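Under my numbering, the first residue of the sequence shown carries the number 112, and numbering increases by one thereafter.
Read the structure below first, then the notes.
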Amino acid sequence: MGKTRSLKNDKPLLKGLVIRSTGSWYTVLTEQGETYSCKIKGRFRIQGIKSTNPVAVGDRVWFAPVGVDNTGFIMKIEARHNYIIRKAVRLSKRSHIIASNIDQAVLIVSLIFPRTSTGFIDRFLLTAEAYHIPAVIVFNKIDLYDDEVRELHEELVEIYEGVGYQTLAVSAKEHIHIEEFKSILAHKVSLLSGHSGVGKSSLINRVEPDLNLKEGDISHIHRKGKHTTSFASMHPLSFGGYVIDTPGIKEFGLVDMEKREIAGRFPEFRKYIGSCKFNNCLHVNEPDCAIVEAVEKGDIHPVRYYNYLSILKDDYWKE
Ligand SMILES: Nc1nc2c(ncn2[C@@H]2O[C@H](COP(=O)(O)OP(=O)(O)OP(=O)(O)O)[C@@H](O)[C@H]2O)c(=O)[nH]1
Ligand SMILES: [Mg+2]
Ligand SMILES: [Zn+2]
């Protein structure tokens, strides 16, 4: 049993990890490997965030077991190392916490059927940087490559490894580099993201066949133009660690960030930022901009700079 803490009614509390939520019930996994279905007791106030869900997948909680049927009440949440949110509605003050206590964000990309754009990759990396969550890029479906796609792949590996991100090329179908993929996931809590159809479920099944996730199917409900609340679920890995599957979430929730902070989330831009003529330079068309100069000299890849400009134009940011 986990450590106990005194309570008014003197019942010992158990410690566990929230691995699934439905909105009112939470599945909590104890260190002994037992799962409990829990509800929340009382109100939780989490510093600074008004969230639609007080407890999220990834939370470490203390709960009071009741009865014999493995149910209980969550009484306390441990402080989160980090969490990612999605705004319920743009500019809304209420957010939905997708997951917490994440060690790394793994972006699954395919360059064919479907092709993931660098714009999507860069928005993902920007958000991971903003949350201070290390990001890894995994290219799946390499069995489908022709020469043109292989060339694109090599260029992207050069860009992203050049910036400092780890990349890996795999095929869930042909079982290529699955051991390497496993070692990326081992002993860590990984949030898996990527467009629908890139092979997230297939890859998870390859490393953990017992999970038997649905493949080749749209695994979540699409409701165009409407916000569908979706809850992540966390799968324990037999070789240590957890993967968090995020149904219906193509991107991370965007973070509140000011426009002038964006460049600093591009790791290769950082060393130039202080050298611009204007200290409020947005690196668009200001005179004597060190970032534009670095792009011209070939020290910053034009694809990254182009995506930076495009992200600046997203009408999301605070001025
Ligand atoms: N050729 C090839 N096909 C793959 C590979 N990995 C997955 N697929 C196929 O791609 C399709 C989508 O795979 P899924 O694993 O369901 O994709 P997903 O990312 O989980 O998609 P959502 O659940 O909708 O987000 C399926 O038909 C898979 O069989 C691969 O490495 N090579
Ligand atoms: Mg899937
Ligand atoms: Zn500048």
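Backbone N, C-alpha and C define an ideal beta-carbon position, used for all residues, glycine too.
Predicted model only: the values in this text are computed from it and were never measured.
key: Complete runs of the alpha helix (DSSP H) confined to the stretch 352-411 [at least 4 residues]   = Here the runs fully enclosed are 370-373, 381-384 and 401-408.
Same chain, Cβ closer than 7 Å to ALA374, five either side skipped, listed in chain order = Position 263 of the sequence shown, counted from the first residue, corresponds to residue 374. Counting only Cβ-Cβ distances below 7 Å, and skipping sequence neighbours, we find PHE380, ILE384, HIS394, ILE402 and TYR419.
message = To the nearest angstrom, how far is the alpha carbon of TYR276 from that of ILE248?
response = Mapped onto the sequence shown, residue 276 falls at position 165. Mapped onto the sequence shown, residue 248 falls at position 137. If you take the alpha carbons of TYR276 and ILE248, they lie about 7 Å apart.
Selected residue, minimal CA-CA separation from ILE195, among SER228, LEU237, LEU322 and PHE174 = For this step, residue 195 is matched to residue 84 along the sequence shown. If we check each option's Cα against that of ILE195, LEU237 comes out closest.
message = I'd like the span of the alpha helix (DSSP H) that includes LEU423, first residue to last.
response = In the sequence shown, counting from the first residue as 1, residue 423 sits at position 312. Counting along the chain, the alpha helix (DSSP H) containing LEU423 begins and ends at 413-424.
Any heavy atom of ligand 3 nearer than 6 Å to the CB - residues listed = CYS387, CYS392, HIS394, GLU397, CYS400, ALA401 and ILE402
When ASP258, HIS264 and GLU397 are compared against THR229, the one with the closest alpha-carbon = Walking along the sequence shown from the start, residue 229 turns up at place 118. Out of ASP258, HIS264 and GLU397, HIS264 has the C-alpha closest to the C-alpha of THR229.
ask   = Is the stretch 313-323 in contact with the stretch 287-295, if contact means three or more CB pairs nearer than 8 Å?
value = yes
ask   = For SER304, is the beta carbon positioned less than 7 Å from some heavy atom of ligand 2?
value = To locate residue 304, count along the sequence shown from 1; it is residue 193. No, since every heavy atom of ligand 2 falls outside the 7 Å radius drawn around the Cβ of SER304.
message = Beta-carbon within less than 8 Å of ILE287's beta-carbon, same chain only, minus the 5 sequence neighbours each way: which residues are those?
response = Residue 287 sits at position 176 when you count from the first residue of the sequence shown. Excluding positions up to five away in sequence, the list reads ILE253, ASP254, ALA280 and VAL281.
task = Confirm, please, whether the CB-CB distance from ASN212 to HIS243 is below 8 Å.
result = Residue 243 sits at position 132 when you count from the first residue of the sequence shown. Residue 212 sits at position 101 when you count from the first residue of the sequence shown. No, the Cβ-Cβ distance between HIS243 and ASN212 is not below 8 Å.
query = Between PRO225 and MET186, what straight-line distance do the alpha-carbon atoms span, to the nearest angstrom?
reply = Start at 1 with the first residue of the sequence shown, and residue 225 comes out as number 114. Start at 1 with the first residue of the sequence shown, and residue 186 comes out as number 75. When rounded, the distance between both Cα atoms is 44 Å.
ask   = At which residues does the alpha helix (DSSP H) containing LYS126 begin and terminate?
value = Sequence index remark: in the sequence shown, residue 126 carries index 15 (1-based). Counting along the chain, LYS126 sits inside no alpha helix (DSSP H); it lies in the beta strand (DSSP E) bounded by residues 125-132.
query = With respect to the beta strand (DSSP E) encompassing VAL217, which residues constitute its N-terminal and C-terminal limits?
reply = Taking the sequence shown and counting its residues from 1, the one referred to as residue 217 is at position 106. 215-221 is the span of the beta strand (DSSP E), which, as asked, contains VAL217.
Neighbourhood of GLY352 by C-beta, 6 Å cutoff - its chain only, sequence neighbours within 5 removed = One-based indexing of the sequence shown puts residue 352 at position 241. Excluding positions up to five away in sequence, the list reads LEU296, ALA297, HIS298 and LYS299.
query = Count the other CB atoms within 10 Å of the CB of GLY127; is the residue buried (16 or more) or exposed (fewer)?
reply = As a working mapping, residue 127 is identified with position 16 in the sequence shown. Under this definition GLY127 is a buried residue.
ask   = Helix, strand or coil: how does DSSP classify ILE244 here?
value = Indexing the sequence shown from 1 puts residue 244 at position 133. Coil at ILE244, not helix or strand.
query = DSSP on LEU140, reduced to helix/strand/coil?
reply = Numbered from its first residue, the sequence shown carries residue 140 at position 29. In the structure shown, LEU140 sits in a strand (DSSP, three-state: E or B).
message = What does the Cβ neighbour count give for ASP425, buried or exposed, with the cut at 16 atoms within 10 Å?
response = Residue numbering aside, residue 425 sits at position 314 when the sequence shown is read from its first letter. It counts as exposed.
inquiry  = Alpha carbons only, please: which of GLN215, THR163 and SER304 is nearest the one belonging to SER450?
reply    = This structure gives no information on residue 450, because the portion of the chain shown stretches from 112 to 430.
ask   = With burial defined as no fewer than 16 other Cβ atoms inside 10 Å of the residue's Cβ, what is the status of GLU240: buried or exposed?
value = Translated into the one-based positions of the sequence shown, residue 240 becomes position 129. The residue in question, GLU240, is buried, as its Cβ has 16 or more Cβ neighbours within 10 Å.
message = Among ASN396, PRO378 and THR278, whose alpha-carbon lies nearest the alpha-carbon of VAL217?
response = Indexing the sequence shown from 1 puts residue 217 at position 106. It is THR278.
ask   = Under the three-state reduction of DSSP, which class applies to GLY234: helix, strand or coil?
value = Residue numbering aside, residue 234 sits at position 123 when the sequence shown is read from its first letter. Sequence check: residue 234 is Arg here, not Gly. DSSP places ARG234 within a helical segment (H, G or I) once states are collapsed to three.
ask   = From this set, SER206, ASP321, SER386 and LEU324, which residue's C-alpha is nearest ASN164's C-alpha?
value = Reading the sequence shown from its first residue, position 53 is the one you call residue 164. Check the Cα spacing between ASN164 and each of SER206, ASP321, SER386 and LEU324: the tightest is with SER206.
ask   = According to the Cβ coordinates, are PRO378 and VAL274 closer than 8 Å?
value = Taking the sequence shown and counting its residues from 1, one reaches residue 378 at position 267. Taking the sequence shown and counting its residues from 1, one reaches residue 274 at position 163. Yes, the Cβ-Cβ distance between PRO378 and VAL274 is below 8 Å.
query = Taking the continuous beta strand (DSSP E) assigned at PHE350, which residues delimit it?
reply = Here residue 350 refers to the residue found at position 239 when the sequence shown is read from its first residue. No beta strand (DSSP E) holds PHE350; DSSP gives it neither H nor E.
request  = Measure the Cβ-Cβ separation of SER421 and VAL354 and say whether it is below 8 Å.
outcome  = Locating residue 421 in the sequence shown gives position 310, counting from the first residue. Locating residue 354 in the sequence shown gives position 243, counting from the first residue. No, the Cβ-Cβ distance between SER421 and VAL354 is not below 8 Å.
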